[in-house]
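Quick note, the numbering used here runs 1 ahead of the 1-based positions in the sequence shown. Ideal Cβ placement from N, Cα and C applies to all residues, glycine included.
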Amino acid sequence: MSHPRKTDAVITRTINRFERAVEDKAFEGTVPWDSDEAIEEHERIDREYERSRLALERLIRR
2 MSHPRKTDAV
12 ITRTINRFER
22 AVEDKAFEGT
32 VPWDSDEAIE
42 EHERIDREYE
52 RSRLALERLI
62 RR
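Given below as structure tokens:
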């Protein structure tokens, strides 16, 4: 069994990560699509959102 404080820290980090990803996703529409760097930023936002969502789902299923 995991140490309770470690588990609490993991829960907090996972939720905070997902919250940041949701905020980035909400403002994604303000990022232009006019350069390679901008397109890469859209892709980064999408990847982080998906990764953080999956991490939160795994945490809930534990």
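Residue i vs residue j beta-carbon contact at 7 Å
{"i": "Arg14", "j": "Ser53", "result": "no"}
{"i": "Tyr50", "j": "Ala22", "result": "yes"}
{"i": "Glu24", "j": "Ile46", "result": "no"}
Neighbourhood of residue i by C-beta distance below 8 Å, restricted to the same chain and skipping five residues each side
{"i": "Leu55", "result": "none"}
{"i": "Pro33", "result": "Ala39"}
Alpha helix (DSSP H) segment containing residue i, residue limits
{"i": "Asp35", "result": "First-last for Asp35: undefined, no H or E at that position."}
Helix, strand or coil at residue i according to DSSP, with G and I counted as helix
{"i": "Phe68", "result": "This structure leaves residue 68 out entirely; the chain is present only between 2 and 63."}
{"i": "Arg63", "result": "coil"}
Of the listed residues the options, nearest to residue i (C-alpha basis)
{"i": "Glu20", "options": "Leu57, Glu38, Arg63, Ser36", "result": "Leu57"}
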